[in-house]
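Just so you know, the sequences run in chain order C and E. Going by the numbering used here, the first residue of the first sequence is number 3, and it counts up by one from there. Going by the numbering used here, the first residue of the second sequence is number 3, and it counts up by one from there. Single-structure report; data block below.
There are 2 protein chains.
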Amino acid sequence: MRTALIIGTGLIGTSAALALTARGVTVHLRDRDTEQARTAAALGAGTAEPPPGPVDLAVIAVPPARVAPVLAEAQRAGVARGYLDVASVKGGPRRELADLGGDPRTYLGTHPMAGREQSGPLAATGDLFEGRPWVLTPMADTDTEVLNLALELVALCRAVPVVMDADAHDRAVALVSHTPQLLSSLVAARLESADETAVRLCGQGIRDVTRIAASEPRMWLDILSANPGPVADVLAAVASDLQETVRSLRALESADDAKRHEGSGGIEDVLRRGNSGRSRIPGKHGQTPTAYATVAVLISDRPGELARIFADAGQAGVNIEDVRIEHATGQQAGHVQLMVEQAAAVRLTEVLRERGWAIRQT
Amino acid sequence: MRTALIIGTGLIGTSAALALTARGVTVHLRDRDTEQARTAAALGAGTAEPPPGPVDLAVIAVPPARVAPVLAEAQRAGVARGYLDVASVKGGPRRELADLGGDPRTYLGTHPMAGREQSGPLAATGDLFEGRPWVLTPMADTDTEVLNLALELVALCRAVPVVMDADAHDRAVALVSHTPQLLSSLVAARLESADETAVRLCGQGIRDVTRIAASEPRMWLDILSANPGPVADVLAAVASDLQETVRSLRALESADDAKRHEGSGGIEDVLRRGNSGRSRIPGKHGQTPTAYATVAVLISDRPGELARIFADAGQAGVNIEDVRIEHATGQQAGHVQLMVEQAAAVRLTEVLRERGWAIRQT
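Written as structure tokens, this is what we have:
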């Protein structure tokens, strides 16, 4: 690939442009907001000048609802040999393209699983896709040349290609991304009218469950509006489990032993299924998640405390796999939890204790 | 307080005993499993010998369902001047105690908001309660002397006392702890039968939402069984919002503009209410959460990488407020996100760049 045209210079388009430019591809930038295309160009993402002739690959990086019309127009103008989009849903745009008389052979629907809280070209970065899955949804009639151009783009962005059926992709993101977002919002929404004292009792569990409830509503509305069917299907299944859970809890309130026993079985079933589903989420490097040992260290709120802990841990030659900082409400001190391989925990604890840290070992 | 009797030497009882012993209180340990009481004594939590006469305070640290009978028996034997329990629900034990003819004046229901993944005396630690809220539920007929003994216990454990009505406490923990647990399990349960490819697309959002779905089912069954009514009430409210959300998504699938507009409004409403509920969760030191700036640094998987970053950050005099390590599926490298005060982000980025780190600034 020597030339590319990026249509839509938001976060994703500009990030891809930065990665391609850095690897020697000549990148042209286009946006219906010309100011935004010039901003991307000023950031070193390419040139805002139109290409002199057809480029190798056009990347349509516009919101899901606009993909099909923009794509059909670009194909009619013959701006490129191959076309791909990067929207978060894949079934709809393909069907709309067919309705608009677009060419399915030169188009490949793709979805890089990367993003961030900010949007726009100023938030873009050439390493946005590094190590992230990038879904490709080729069809029987997709040109092999276009598939290879897409694979080259994914490689240049240092992402990991994953091939999926378009509708299977939409169901998958409904399950692993869109449903968790809505349920996080629904749990957080319950706090809106909670007593101040109740809110003071919030611990690490609810903090984790509701972290993504802080996401930008407009962006999520766009994403969810483009994939309503598959998301509704997963949510309906959760709703049915939830009704069953409420019934089990009500049975636990009963004076009847048999009913209580049944309720207890229902709740235990939900908890066990949760264990089993959670255990399927891949750990680091796509392996089965390792059960790490946790070493909890008491820290004060002074600058440099974490630096000292990590320096001391580094001395022990221990690789820290994950970190969690837990601040207690109303207090200056907190615990930092260091997750390490089981075998390294004893050594890490010893070394940190020697250096005067207060440790709570798990 | 000079003498205490801990009845039930599991995680909570033994941790409280360790804290009291460390601060000079004479602690007697009792457990119906005498082996377990001896283990706690061997850990330095006190003596497994019975007290020669009534102690100042008896702490009933047995599972919720056994609190009332154990308490009533202890009161009949007159083992202490004051009695408290530490179970995760408060309304039920108090009502049962009345049924068993116990004395409500010398009993105070309490709940330390602390715990860990492990249970039993071997998991106990004297600093378990440090900086954590410890709920006290005094009634009109509670002796002031007993309330003061409880406040002394909380102070000796270095926890933060929070006074609440017993039923309000049970509703609060249903909202901020029990409901998030079940919804995390319900989201994770959907992954049980998911395609392997779908599971590969799991990102940080679903990881956070389902972290607590890995919790121990038996322990959570005990907790939920003791508080079924308030949990069912909150879950029923979530279920009603969820049904509404499914309806909004189905409306978004409609060909009718007015219906789609209505569906869109419904989804936006859920997302905005989620924002507003999430923003109520207290930040560090109980303040309104600060919006921290995130500085993301690319790291390899070698030991000592984090140590080097934190040492370099320490040089910049920047206090790191929170850390998140994000591993990309199938890759050796990952990003570590450093959360710092807005004002410190530019300086931290500069310093880390100077020292050769690849930074993605937010």
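Beta carbons are placed, not taken as given, at the ideal position from N, Cα and C, and that holds for glycine. Please read these numbers as outputs of a predicted model, since none were measured by experiment.
Can you list, in chain order, the residues of its chain with a C-beta nearer than 7 Å to that of residue i? Leave out the 5 residues immediately preceding and following it.
i	result
Ala168/E	Lys92, Gly93, Arg96, Gly111, Thr139
Arg262/C	Ala253, Leu254, Ser256
Gly367/E	The structure shown has nothing for residue 367/E, since chain E only spans 3 to 364.
Met221/C	Ser121
Asp250/E	In the sequence as displayed, the identity of residue 250/E is Ser instead of Asp. So the list reads Gly265, Gly268, Ile269, once near-sequence residues are dropped.
Within 8 Å of any Cβ in chain C, is that where the Cβ of residue i sits?
i	result
Thr247/E	yes
Ser266/E	yes
Ala95/E	For the sequence presented, residue 95/E should be read as Pro rather than Ala. So no, Pro95/E is outside the interface.
Thr127/E	yes
Glu147/E	no
Arg68/E	no
Val325/E	yes
Gly231/E	yes
Ala347/E	no
Ala239/E	yes
Leu254/E	yes
Residues of chain E with CB under 8 Å from residue i, in chain order?
i	result
Ser179/C	Leu203, Gly205, Gly207, Ile208
Asp258/C	In chain order: nothing, as chain E lies at least about 13 Å away.
Ala157/C	Here the premise fails: no neighbours, minimum Cβ distance about 14 Å.
Thr212/C	Pro182, Gly276, Gly279, Arg280, Ile283
Met115/C	Leu203, Gly205
Kindly indicate if chain E contains any beta-carbon less than 8 Å away from that of residue i.
i	result
Arg32/C	no
Pro182/C	yes
Arg83/C	no
Ser187/C	yes
Glu194/C	yes
Trp136/C	no
Trp222/C	yes
Pro106/C	no
Leu110/C	no
Gly358/C	no
Asp243/C	yes
Ile322/C	yes
Thr331/C	Annotation note: pLDDT 48 at Thr331/C (below 50); position unreliable, coordinate value reported separately. True, the Cβ-Cβ gap to chain E drops below 8 Å.
Give me the residue from the options with the minimum Cα distance to residue i.
i	options	result
Ala74/E	Met166/E, Gly103/E, Ser121/E	Gly103/E
Ala24/E	Thr5/E, Gln38/E, Asp35/E, Thr41/E	Thr5/E
Ala70/E	Tyr109/E, Gly46/E, Ala43/E	Tyr109/E
Ser217/E	Leu45/C, Arg280/C, Val162/C, Val320/C	Arg280/C
Gln317/E	His337/E, Ala346/E, Ala295/E, Tyr294/E	Ala346/E
Pro219/E	Ala125/C, Pro232/C, Gly276/C	Gly276/C
Ala393/C	Tyr294/E, Arg32/E, Val201/E, Ala191/E	Since the first and last residues shown for chain C are 3 and 364, residue 393/C lies out of range.
Leu184/E	Arg78/C, Val297/C, Gly268/C	Gly268/C
Leu354/E	Asn229/E, Ala313/E, Met141/E	Ala313/E
Ala19/C	Arg34/C, Pro54/C, Leu59/C	Leu59/C
Asp87/E	Ser179/E, Leu153/E, Pro66/E	Pro66/E
Val164/C	Leu130/C, Ala142/C, Pro114/C	Pro114/C
Gly117/C	Leu130/C, Thr11/C, Arg107/C	Leu130/C
Gly55/C	Thr36/C, Asp35/C, Gly80/C, Arg34/C	Gly80/C
On the premise that residue j lies in contact with residue i, defined as a C-beta separation below 8 Å, what is that separation, rounded to the nearest angstrom?
i	j	result
Gly133/E	Arg160/E	7 Å
Val325/E	Ile327/C	6 Å
Ala309/E	Ala315/C	6 Å
Val320/C	Val342/C	5 Å
Ala47/C	Val29/C	6 Å
Ile283/E	Pro182/C	Not confirmed; about 18 Å, so no contact.
Asp105/E	Gln77/E	5 Å
Ile361/E	Val338/E	11 Å between Cβ atoms; not a contact.
Ile50/C	Ala39/C	Residue identity check: residue 50/C is Ala in the sequence provided, not Ile. Correct: roughly 5 Å between the Cβ atoms.
Thr212/C	Val240/C	Actually they do not touch by this definition, with Cβ atoms about 16 Å apart.
Thr199/E	Ala174/C	7 Å
Could you list which residues in chain E have their beta carbon closer than 9 Å to that of residue i, in chain order?
i	result
Met225/C	The residue you asked about is not Met; residue 225/C is Ile in the sequence shown. Going along chain E, no residue has its Cβ under 9 Å from Ile225/C, so there is no contact; the nearest lies around 10 Å.
Glu51/C	By Cβ distance, chain E contributes nothing, its closest Cβ being about 28 Å from Glu51/C, past 9 Å.
Asp101/C	Within 9 Å Cβ-Cβ: nothing; Asp101/C doesn't reach chain E, min ~13 Å.
Please list, in chain order, the chain C residues whose beta carbon lies closer than 8 Å to that of residue i.
i	result
Asp197/E	Ala170, Ala174
Arg362/E	Thr127, Asp129, Leu130
Met141/E	The contacting residues do not exist; Met141/E stays about 17 Å from chain C at best.
Against residue i, what residues of chain C qualify as contacts under a CB-to-CB distance less than 7 Å, listed in chain order?
i	result
Gly55/E	Neighbours of Gly55/E on chain C: none; closest Cβ ~35 Å, over 7 Å.
Kindly list the residues whose CB is nearer than 6 Å to the CB of residue i, restricted to its own chain and excluding five residues on each side of it in sequence; keep chain order.
i	result
His287/C	Because the pLDDT at His287/C is just 45, under 50, the model does not fix this residue reliably, and the point stays unresolved.
Ala42/C	Thr11, Thr16, Leu31, Pro123
Got a sec: is the Cβ-Cβ distance from residue i to anything in chain D below 8 Å?
i	result
Asp87/C	The structure shown contains no chain D; the protein chains it does contain are C and E.
Find the residues of chain E that neighbour residue i, judging by a C-beta separation of less than 7 Å, and give them in chain order.
i	result
Ile14/C	None at all; the shortest Cβ gap to chain E is about 14 Å.
Pro219/C	Glu270, Leu273, Arg274, Asn277
Along chain C, in chain order, which residues have C-beta atoms closer than 9 Å to that of residue i?
i	result
Ile301/E	Within chain C, no residue comes near Ile301/E; the closest Cβ sits about 11 Å away, beyond 9 Å.
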